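Structure first, commentary second.
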Amino acid sequence: MLHGAQKVSEKNFPVADLFRELEIEFNDDGNPKELYTAKSVEMLSSFDNIANDSRSFKMAGRIASFLLKNSPPNLPQPYTYDSLRSVLANLAQLDCGHDHWTLEQCAVVIKSAYLCENGLLPETRNETQNDFLENLVASGIDNSPLPECNPRYWSMLNNWLNSLIEFHHLKR
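The opening residue of the sequence shown carries number 1 in the numbering used here; numbering runs sequentially from there.
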């Protein structure tokens, strides 16, 4: 959402659209109680291809909703941000230098990164599982291949992450 968007024309801001990474420069009127008005917008990345597949589009919407509901304002979340860029690139079927992640793997990557970054991902008693989770979060941040595991494990991991989200009373 852009404050003053009704005044923003396509001529001035043609790049603002869903699932695009933008660099926005704001006018600062000095009033901290008012929303800043966008002065310039530059597109950094486009994930427009997400709209070509309804399942990917719905997944991207659910991810965006989760992050918007649970991310505190003005608190940097670099792991989550980088993981979101990786997930969107995979959902858009961009060349990521590795096999594309499934929808479930995309969900697991973003939930793992968010929970880890916010100190909500517990360490397990099993060192192998801890290493797997660390490698999983790193894969999201670096947009690198996911750690190898049994395909059924992704579903189990997704269910476990969902139970953590419920336990911490996060909004879905």
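Ideal placement from N, C-alpha and C gives every residue a C-beta, glycine not left out.
Because the structure is a prediction, the values reported are computed rather than measured.
Candidates the options, of which the one nearest residue i by Cα
i, options, result
"L175", "L120, S40, I141", "In the structure as shown, the chain starts at 1 and stops at 172, and residue 175 therefore has no counterpart that could be examined."
"N198", "F66, A16, L35, N150", "Residue numbering for the chain in the displayed model covers 1 to 172; residue 198 lies beyond these limits and cannot be assessed."
"N150", "D82, F132, A16, F167", "F132"
"L170", "N135, Y81, V15, N70", "N70"
"E21", "M59, I63, L88, R55", "L88"
"E23", "K33, D17, L44", "L44"
"R55", "A16, N130, R125, T102", "T102"
"R172", "Y114, R152, P73", "Y114"
"C106", "E134, S139, A16", "S139"
"T124", "D53, V108, W160", "W160"
"F167", "A64, R62, P122, K58", "P122"
"N52", "E127, Q93, Y153, L68", "Q93"
"V108", "D17, T128, N31, Y153", "Y153"
"S86", "P73, I63, L68, P72", "I63"
CB-CB length for residue i against residue j, believed under 8 Å
i, j, result
"L84", "I50", "Actually they are not in contact, since the Cβ atoms of L84 and I50 sit about 12 Å apart, beyond 8 Å."
"P158", "E117", "Note that residue 158 is Asn in the sequence shown here, rather than Pro. Not confirmed; about 18 Å, so no contact."
"V137", "S112", "5 Å"
"A60", "L91", "5 Å"
"D48", "F26", "Their Cβ separation, rounded to whole angstroms, is 24 Å, which puts D48 and F26 out of contact at 8 Å."
"P147", "N130", "Not really, about 12 Å apart at Cβ, beyond 8 Å."
Residues bridged to residue i [DSSP beta-bridge criterion]
i, result
"E23", "E42"
Exercise. Is the region 65-85 touching the region 26-40, taking contact as three or more C-beta pairs under 8 Å?
Worked result: With a cut-off of 8 Å, the region 26-40 and the region 65-85 do not count as touching, because too few Cβ pairs lie within range.
For this session: Starting from the N-terminal side, write out each stretch of the beta strand (DSSP E) that is 3 residues or longer and does not extend beyond the region 31-116.
Result: Uninterrupted beta strand (DSSP E) stretches at least 3 residues long and entirely within the region 31-116 occur at 37-46, given in chain order.
Problem set entry | the region 93-112 touching the region 134-149, judged by at least three CB pairs closer than 8 Å | Yes: the two stretches touch, three or more of their Cβ pairs being nearer than 8 Å.
Exercise. Fully enclosed by the region 111-153, which alpha helix (DSSP H) runs are 4 residues long or longer?
Worked result: Complete alpha helix (DSSP H) runs here, min 4: 127-142.
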